[in-house]
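What follows is one structure encoded as C-alpha cells, with my remarks underneath.
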Amino acid sequence: MRRQHVVTALLENQVGTLNRLTSVFRRKGVSLESLSVGDCEQSGYSRMTLVVSGDDSDLNVVMGQLLKLLDVVDIQDLKVDSSVRRELALVRVGASPQQRGEIIEVVHVMGGRVAHLAKDDLTVEFTDEPRKIEHFLSLMEPYGLREVVRTGTAAMRVD
Amino acid sequence: MTRTGATVVMEALARHGVDVMFGYPGGVVLPLYDEMLNWPQVKHVLVRHEQCAAHMADGYARATGKVGVCLGTSGPGATNLVTGIATAMMDSVPMVVLTGQVNTWAIGTDAFQETDIQGITIPITKHNYLVTDVDDLPRVMAEAFYLANTGRKGPVLVDIPKDVFQGKTDVDFPEATQRRGYLLPGPALQEMIDEAAELLNSAERPVVIAGAGVVWSETHKALAELAEKADVPIINSLLGLGSFDRDDPRSLGMMGMHGEAAGTIATQHADLVIGIGMRFDDRLTGKMSGFAPNARKIHFDIDPTEFGKAIPAYCRVLGDLADSLPRFVQAVKPAKHPEWWAEIRRWRESYPLIVPDDGRFLARHVVDSLNRVTKGNAVVSTDVGQHQMWAAQFYKFHQPFNWLSSGGLGTMGYGFPAAMGAQFARPDAEVWCVVGDGGFQMTLQELIVAAEHKLPVKIALINNGFLGMIRQWQEMFYDNRYSHAHMANPDYSKLAEAYGVGFIRVTKQEDMDEAVRQAEAIDGPVLVECVVQMEENVYPMVAAGAANDDLIMDPAVAPREKVKA
Ligand SMILES: Cc1ncc(C[n+]2csc(CCOP(=O)(O)OP(=O)(O)O)c2C)c(N)n1
Ligand SMILES: [Mg+2]
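Keeping their order, the protein sequence lines are chains A and B. Counting from 1, one number per residue, gives the positions in the first sequence under my numbering. Counting from 1001, one number per residue, gives the positions in the second sequence under my numbering.
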C-alpha cells in the first residue's frame, strides 16, 4: 500500500551520515518529502525526522537498510495516532497598509506570530501540524504568497 | 607509545594476522611504503593494476576465510580499486581497503590526485572512513577489521590522508570494538528453529538451497548432518559450491540460470524450500513469481534485510548459522523420503549434465579433466562467462574455501588475480584459474607478478575466440546476429614466453589430462591454452526473465526444446 510515512531516526554525529542515508533512498528511488535534523538529548547524537511516501514494502526494505548503516542507531516508523508532529513555516505575504490589520487578525486567530513587518509585506511564523500549515497557507493565499519556507516535520513518539 | 599513523596501520595489519597484502604505491602513501620496510611479517605484493590488488585480496579472503587487505594511492589508485570493492561487496567478502588521500588541508580543493573515494564507495562498502585525525586511526583500523569480518561480511574502506600517515599519536588500539549503530543478531529464536524443524518434519518434498553463508560460517559439517538426518537434497547457489560435497549422493549441484536441471525441477516441485545463507538472487530464482510455486519457504540468514527482499519467506531464522544451523539439525526428526528421491533420480537420469565424446574439444572437457586429475581438491577460480558456468557445473568440490568466482557483480577480469590471491594465501594448495579469453585479456598483466614470485598458479585459458556468453545470447535471443562477440587473440605462447611463465597448448580432448599433469609438474606459473570449439552453448538454461519452469535443455539431452519442469 502506498501512503505517507513519518520516520524518526537516532543518528551518531559523523561527517557524511546524511550522505549515507540519502544514498539509500536514492537507490530505492524513494523521494524524501521532508527531512529535519538537530541535536537531541544525547550528546554526540542527533534525531532526524523523515517524511516519505511510498509502498509499505519498499519502505520496509529502506528502513532495514538504513538500520544497517553504522551511523544509524535506531529507526522507527511512527503511527499517526501515537506521535506528535509539528512543522514551522515562515510565510511572507503581500500586505498593503490597508490589508495589514485584516491579515494580522487571521494570523492571531490561527495562532501564528508576526515575525517581521515591512513596507508592503509581512512575515509570519506559524507552527502546527503539517495539515494545519496547509490550511493556514490557503488562508494567506489571497494576499499573495511571496515566499514560503518550511522546516519539514519534526515528530516524536508518544504513548 | 608515540608512533606515526603509518606505524599504526602496519601494527594493525600485523595484529590481525595479515601475512600478505596487495598494493600499489603513489605520492600520498609513500609514508606507509616507507614504514612497510620495517614489517617483514606483512608481505606486500606489488600488483600491476590496483583492480587486481582488490581481486587478489578478495581471492585471499575467499580461500582462507580471513580478511583480505589491499592498498592504493589517492585519485586514480583509489578509483582503480572500485571494481574490486564492488565485487567483494556483492559477494559479502571480508576485505579492508586502504587508500591514501591528499593532505587534510588540501581535501576539497581539487588537489593533485584528489578524489572523493569515501563518497564514491558509500554504496559499495559495508562502511567506510576518512580519517582526518591520527588519534582516530587506532580505533578506525580496529573497527575496520571488526566490521569486515563480523555479521554479514564485506569490504570496509579506510581513506588516510598523507599527513595522517605522518602524524604522531600515542593512542592505543581499543580493547574491544563497539558501535551503537552496529548490532549483530544474537542467538536465533528457539520458536523459529522449532517452527522450521516442524515444517521440515512434515514436508514430503523438501529441498535445501545452501549458499556462501554456509562457507563463511564454516557450518558445512552441520549441513552434511542435516542432509543425512532429514534425507533432504542439497542444492547450492553458485557461491555456495563447496559447502556440500558434490560426490555426496544428496548433492544436486548448482541451481540457477545454468544450474543442473534436476535441482531446478525439484525446487519447482518442492513443498518446502529452505534457503540457508543465501539471498534468493534473481539468477537463481528466475522470474520471482514462478519460483517454487508450491513451496513454503524457510530462510536462514544473518542479515535481516534479506528477509522478504526477494521472496516472502514463511519462516525466518535470523542469526549466525554457526549458532542456528546445528540447533536446527538437532531439532529436526530423522526422516526418509524414498518417493521424493525416486522422482529426483528420474529427473537426474533424464536430464544429466553431459561431457560429449564426439571428437570435438570443448571447455567442458577442460573442466572435466581438471576435476578428474585434481580429484576435486584444487582451489578453482573462474572469470565470468560460459567457462564460469561449466566450471561450476563440472568441477566437483568437496570442501569449502576452494571456489572463487564473482557471482553478484559478475566481474570479468576477476579470475586470474583472485587465483593469485588464493595462491599467495595458501602457497601449498593446488590453485587453478579457469578463465575465458575475453576476461583474461582484462587482467593478464599480472602474469609478470606470478612469474616474479614464482607463484605456482595454473591457468586453464579457454580460447574460444569469442566473448562466448555474449555470443550465446546473440545466437539464442538476437537471431544469430553476432555483434562484437568475436575477438582476436594474441599469440599466447609468445605472451607466456615474454612474461616468463610456462606454456602448454592443448587442441585435443585426449591431450587434456596429460596437460593438467604436466602443468602440475612445473614449479611455477603455467598458462595452459585450451583451443576449444568456438561455438558451444551452456545448458540447461533459463532465459533472463523467464520462470524456472522454462528450462531450455541441451539438445543432445532432451529432443524437445523446452521441458516444462
Ligand atoms: C567487466 C565486464 N564487462 C562485461 C561483462 C559482460 N560479459 C559477461 S560474460 C562476457 C563474455 C566473456 O567472454 P570470455 O571471457 O571469453 O568467456 P567465455 O564466455 O567465452 O567463456 C561478457 C562480455 C562482464 N561480465 N564484465
Ligand atoms: Mg571466450
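Note that CB positions come from ideal geometry on N, CA and C, so glycine has one too.
For Ser23 (chain A) and chain B, any beta-carbon pair shorter than 7 Å?
-> Interface residue, yes.
Are the C-beta atoms of Leu139 (chain A) and some chain B residue less than 7 Å apart?
-> Taking a beta-carbon distance threshold of 7 Å, Leu139 (chain A) does not count as an interface residue toward chain B.
So what's Asn19 (chain A) in DSSP terms, helix, strand or just coil?
-> Here Asn19 (chain A) sits in helix by DSSP.
Any idea which residues DSSP pairs Thr8 (chain A) with across the strands?
-> A:Thr49 and A:Gln76
Residues in the segment 1280-1314 of chain B having any Cβ partner in chain A nearer than 8 Å = Listed in sequence order: Asp1303, Pro1304, Thr1305, Gly1308 and Lys1309.
So with Cβ pairs under 7 Å, would you call Ile1122 (chain B) a contact of chain A?
-> yes
Own chain residues within Cβ distance below 8 Å of Ser1483 (chain B), not counting five before or after = The residues Gln1474, in chain order, have a CB closer than 8 Å to that of Ser1483 (chain B) in the same chain once the five nearest residues on each side in sequence are set aside.
Sequence-distant residues of the same chain with beta carbon closer than 6 Å to Glu1143 (chain B), five excluded per side | Cβ-Cβ distances below 6 Å link Glu1143 (chain B) to Thr1177 in the same chain, with the five nearest sequence neighbours on each side left out; the list follows chain order.
Does any C-beta atom of chain A lie closer than 7 Å to the C-beta of Tyr1182 (chain B)?
-> yes
Pair within 7 Å by beta-carbon distance, Gly1319 (chain B) and Pro1174 (chain B) | Not in contact: Gly1319 (chain B) and Pro1174 (chain B) (Cβ atoms no closer than 7 Å).
Cut-off 7 Å between Cβ atoms - residues of its own chain near Met1553 (chain B), not counting five sequence neighbours on either side | Excluding positions up to five away in sequence, the list reads Ala1261, Tyr1351, Tyr1539, Pro1540 and Val1563.
Assigned exposure category for Val84 (chain A) - 16 Cβ within 10 Å defines buried | exposed
Taking only beta-carbon atoms, is Arg20 (chain A) less than 7 Å away from chain B?
-> yes
Between the CA atoms of Tyr1499 (chain B) and Ile1522 (chain B) - distance to the nearest angstrom | 16 Å
Between Asp1247 (chain B) and ligand 2, is the CB less than 6 Å from at least one heavy atom?
-> no
Where Val69 (chain A) sits in the DSSP three-state scheme | The question names Val, but residue 69 (chain A) in the sequence shown is Leu. Here Leu69 (chain A) carries a coil assignment [DSSP, helix/strand/coil].
Any heavy atom of ligand 1 closer than 6 Å to the Cβ of Asp1437 (chain B)?
-> yes
Beta carbon proximity, Arg1062 (chain B) to chain A, threshold 7 Å = The beta carbon of Arg1062 (chain B) does not come within 7 Å of any beta carbon belonging to chain A, so the residue lies off that interface.
Taking the alpha carbon of Pro1326 (chain B) as the point to measure from, which residue in B:Asp1194, B:Gly1286 and B:Pro1161 has its own alpha carbon closest?
-> B:Asp1194
Counting only beta-carbon atoms, is Arg1316 (chain B) nearer than 7 Å to chain A?
-> no
Give a yes or no on whether the minimum CB-CB distance between Leu32 (chain A) and chain B is below 7 Å.
-> no
Could you tell me which residues DSSP pairs with Thr1004 (chain B) in its beta bridges?
-> B:Lys1168
Taking the C-alpha atoms as reference points, what is the distance between Ala1331 (chain B) and Ala155 (chain A)?
-> Looking at the two C-alpha atoms, the distance is approximately 45 Å.
List in chain order: all unbroken beta strand (DSSP E) runs of 3+ residues lying wholly within the segment 74-131 of chain A.
-> 83-94, 113-117 and 121-128
Sorted by chain position, which residues of the same chain lie with C-beta nearer than 6 Å to Lys1168 (chain B)'s C-beta, five sequence neighbours on each side aside?
-> Thr1002 and Thr1004
For Val65 (chain A), go through chain B and note every residue whose CB falls closer than 9 Å to its CB, in chain order.
-> Looking at the sequence shown, residue 65 (chain A) is not Val but Gln. Thr1305, listed in chain order.
Bridge partners of Met1254 (chain B), per DSSP?
-> B:Asn1236
Is the number of C-beta pairs between the segment 1380-1399 of chain B and the segment 1237-1248 of chain B that are closer than 8 Å three or more?
-> Because the criterion of three Cβ pairs below 8 Å is met, the segment 1380-1399 of chain B and the segment 1237-1248 of chain B touch.
Excluding sequence positions up to five away, which residues of its chain have a Cβ less than 6 Å from the Cβ of Tyr1146 (chain B)?
-> Its chain contains Thr1177 as the residues whose beta carbon lies nearer than 6 Å to that of Tyr1146 (chain B), once the 5 sequence neighbours on both sides are disregarded; these appear in chain order.
Return the residue from the list A:Gln4, A:Gln65 and A:Lys28 that minimises the CA-CA distance to Asp1303 (chain B).
-> A:Gln65
Per-residue DSSP class, three states only, for Gly1286 (chain B) = Here Gly1286 (chain B) sits in strand by DSSP.
Within the present structure, is the beta-carbon of Gln1386 (chain B) separated from the nearest heavy atom of ligand 1 by less than 6 Å?
-> yes
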